[in-house]
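Chemist:
Residue numbers (my numbering): -8 to 381.
1) Helix, strand or coil: how does DSSP classify residue 384 here?
2) Could you give the residue range of the alpha helix (DSSP H) that holds residue 389?
3) Decide if the stretch 188 to 198 is in contact with the stretch 247 to 264; the criterion is three or more beta carbon pairs, one per stretch, under 8 Å apart.
4) Per DSSP, what kind of secondary structure is residue 335 in: helix, strand or coil?
5) Please state whether DSSP places residue 225 in a helix, a strand or coil.
6) Closest to residue 303 by C-alpha separation, out of 214, 250, 195, would be which residue?
7) Please state if the CB of residue 11 and the CB of residue 398 are separated by a distance shorter than 8 Å.
8) When you compare only the Cα positions, how much space is there between residue 25 and residue 59?
9) Taking just the CA atoms, how far does residue 147 sit from residue 72?
10) Is it buried or exposed, residue 288, if we count other Cβ atoms within 10 angstroms and call 16 or more buried?
11) Where residue 23 and residue 64 are concerned, what is the direct C-alpha to C-alpha distance, given to the nearest angstrom?
12) I'd like to know if the stretch 238 to 250 and the stretch 156 to 170 are in contact, where contact means that at least 3 CB-CB pairs between them fall below 8 Å.
13) Here's the rule I'm using: 16 or more other beta-carbon atoms within 10 Å means buried, otherwise exposed. How should residue 440 be labelled?
14) If you measure between the beta carbons of residue 42 and residue 17, is that distance less than 8 Å?
15) With a threshold of 7 Å on Cβ separation, who are the neighbours of residue 202 within its own chain once the five nearest residues in sequence on each side are excluded?
16) Looking only at C-alpha atoms, which of 277, 245, 271, 312 sits nearest to residue 299?
17) Excluding the five sequence neighbours on either side, which residues of its own chain have a C-beta within less than 8 Å of the C-beta of residue 250, listed in chain order?
18) What would DSSP say about residue 145, mapped onto helix, strand or coil?
19) According to DSSP, is residue 10 part of a helix, a strand, or is it coil?
20) Report the residue from 184, 344, 154, 286 whose alpha carbon sits nearest the alpha carbon of residue 213.
21) Determine the burial state of residue 77: buried for a count of at least 16 other Cβ atoms within 10 Å of its Cβ, exposed for fewer.
22) May I have the straight-line CA-CA distance separating residue 35 from residue 339, to the nearest angstrom?
23) Skipping 5 residues on each side, what residues in its chain have a beta carbon closer than 6 Å to that of residue -5?
24) Which runs of the beta strand (DSSP E) at least 3 residues long sit entirely within the stretch 160 to 241? Give them in chain order.
25) List in chain order: all unbroken alpha helix (DSSP H) runs of 4+ residues lying wholly within the stretch 3 to 48.
26) Closer than 8 Å by C-beta to residue 224: which residues in its own chain qualify, once you throw out the five before and the five after it? Chain order, please.
27) When DSSP labels each residue in this structure, what does residue 97 get in the three-state scheme?
28) Report back the beta-carbon spacing between residue 334 and residue 107 to the nearest angstrom; my notes put them in contact at under 8 Å.
29) Leaving out five residues on either side along the sequence, give the residues of the same chain with a beta carbon under 7 Å from the beta carbon of residue 109.
30) Thinking C-alpha only, which one of 278, 222, 265 is nearest residue 295?
31) Spell out the partners DSSP gives residue 341 in its beta bridges.
32) Assuming contact is defined by CB atoms lying nearer than 8 Å, are residue 319 and residue 129 in contact in what I supplied?
33) Indicate whether residue 208 and residue 268 have their beta-carbon atoms separated by less than 8 Å.
34) Reducing DSSP to helix, strand and coil, say where residue 135 ends up.
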């Protein structure tokens, strides 16, 4: 569903070296947006198709901040306004389901590193009367050897980091730093056990029909896992499921793919049944794992979820990807695969007094989460719950 409000864009407002325009639709800056998103530094989660799929399925007001210098667009911040407990919060579009956020900045702007006072002016000018609090989450302030332009703003450590695996040209080169001998042995055992269970095939869903079948299976598997763990199903809402369906439709067959689905489909006695599913996104040389699920009734002794990671990582490596990103969240299986941990940060900037109060409460919550992580016994219980939910 989409808002029925009439489109409006603000006239250009001078803020320091910038001319700032604010749009309440995605379409006006689409052409320059798509050019900016080609820069490998900019997150795929701020790509036009990703944001467009979310806006078409959700009814949050949109605020797209576009700023130019000398007539050339310098950055775009695609935001939505979510109201919680009476507080209007400006956040990256679809940030509930994004693993890392950056906004879209030109390489030239990233080299200038303006001070925080200018960014305060930009945010206040663009969002006054529209939001009480700016909440930009899951942001690595250092990425691809560059510092984030907003890094001068107050940034609080996110309770979780993201984990990446550097890919070689093939699987052998990739696992060379991961105790390769043990990895190969485990992989052979998994293949043997899958053969004993009747065999399998690694499927990447390509036709629209296959994509929908695999995605429906994911939603079912995930719902069962959440129910077993006594946790809410974060994929249950119809608008959330519609968002992922639109992402699948946005795949034009190139290497930049908003969402692609990999699965292990059984043969033999369980022919046609899906044992494991992995949803990944790709932009250039960067592959990000978005979600995964398993049916633990199908060949559990073969660890099909772990096997699917191997197969998807291998396919990513041989196709030229350089980074396989397991996303934000600290879990044992990520640490087993990864040697790179990237800290993430959250920027909370209050626009007014209501926002100041909300920012204070949000920081308390984040500190509590970090406190939990520093108490291994309590954190272990929460981790087991998460693992039970897949």
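Ideal Cβ positions, reconstructed from N, Cα and C, are used throughout, including at glycine.
Please read these numbers as outputs of a predicted model, since none were measured by experiment.
Modeler: In brief:
1) For the chain, the structure presents residues -8 to 381; residue 384 sits outside this window and is missing.
2) Absent from the model: residue 389. The displayed extent of the chain is -8 to 381, so no value can be given.
3) yes
4) strand
5) coil
6) 195
7) A query on residue 398 cannot be resolved here, the shown segment of the chain reaching from -8 to 381 and no further.
8) 16 Å
9) 21 Å
10) exposed
11) 7 Å
12) no
13) This structure leaves residue 440 out entirely; the chain is present only between -8 and 381.
14) yes
15) 196, 239, 252
16) 271
17) 235, 238, 239, 241, 242, 270, 271, 272, 281
18) coil
19) strand
20) 286
21) exposed
22) 22 Å
23) Residue placement at residue -5 is poorly supported in this model, since its pLDDT is 36, which falls under 50; the coordinates still yield a value, given next. Around residue -5: no qualifying Cβ.
24) 191 to 195
25) 21 to 27, 39 to 48
26) 213, 214, 217, 218
27) coil
28) Contact flag wrong, Cβ pair sits at about 19 Å.
29) 7
30) 265
31) 124
32) yes
33) yes
34) coil
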